[in-house]
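Worksheet: the structure to be examined is printed underneath.
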Amino acid sequence: MWSLCLNYYVGSSWLMKVKKLPMILALHLKRFKYMDQLHRYTKLSYRVVFPLELRLFNTSGDATNPDRMYDLVAVVVHCGSGPNRGHYIAIVKSHDFWLLFDDDIVEKIDAQAIEEFYGLTSDISKNSESGYILFYQSRD
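So the sequence shown is numbered by full-length UniProt numbering: it starts at 1 and just counts up by one.
Okay, here's the thing in structure tokens:
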């Protein structure tokens, strides 16, 4: 677990460096926002392109491997228009292929199909299937 972080104040923002990079990196994308005028949360369906390979550089004081490579191994996807309306599915890499888990249905998908879960390119429809939590595994 990587709860030990170094925080720096730079200009008008904070910079955080991780002391030691984790073997499994979980990234939670902000997909819901509380709207004061609506008095409820709404879904943020903006497009977030997440790579199959991720190199973290200049984020760590980890002297053994400061530029660690990670591979995407799982994605939790929110399907629907809001936090109280919708459904969650999981996409998991198993050996050299990807599996989509939707309740009791499991199907094999191509790595290219993951692009469908980046989010919307426009806000025409709020009902979308969007990557919500990304899991990356270190190559080391």
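All C-beta atoms, glycine included, are put in the ideal place defined by N, C-alpha and C.
Note that the coordinates shown come from a computational prediction; the quantities given were computed from them, not determined experimentally.
If you drop the 5 nearest sequence neighbours on each side, which residues of the same chain put their C-beta closer than 6 Å to that of residue i?
i	result
G56	Contrary to the premise, residue 56 reads as Leu rather than Gly in this sequence. So the qualifying residues of the chain are R68.
I109	W98 and L100
P83	F32 and Y41
L54	Y70 and Y136
L52	L72
A74	V92 and F135
What does the alpha-carbon distance come out to for the pair residue i and residue j?
i	j	result
C79	L38	21 Å
V49	S130	10 Å
residue 166	S138	Residue 166 lies beyond the range of the chain shown here (1 to 140); nothing can be said about it.
S81	S128	7 Å
I105	H87	14 Å
L25	V18	12 Å
D96	A113	14 Å
D140	N65	9 Å
D36	K43	14 Å
L27	K20	16 Å
S94	R85	29 Å
Ordered along the chain, which non-local residues of its own chain (more than five positions away) have a Cβ less than 7 Å from that of residue i?
i	result
Y132	L29, R31, V76, V77 and H78
R47	Y118, G119, L120 and T121
A111	L52 and W98
Y34	Y41
So who's on the other strand from residue i, going by DSSP bridges?
i	result
T42	K33
L56	BP columns for L56 are empty, so no partner.
F97	S94
D102	I105
Once the 5 residues before and after residue i are set aside, which same chain residues still bring their CB inside 8 Å of it?
i	result
E116	E129
E107	L99 and L100
Shortest alpha-carbon distance to residue i belongs to which of the options?
i	options	result
D102	M23, I89 and E53	I89
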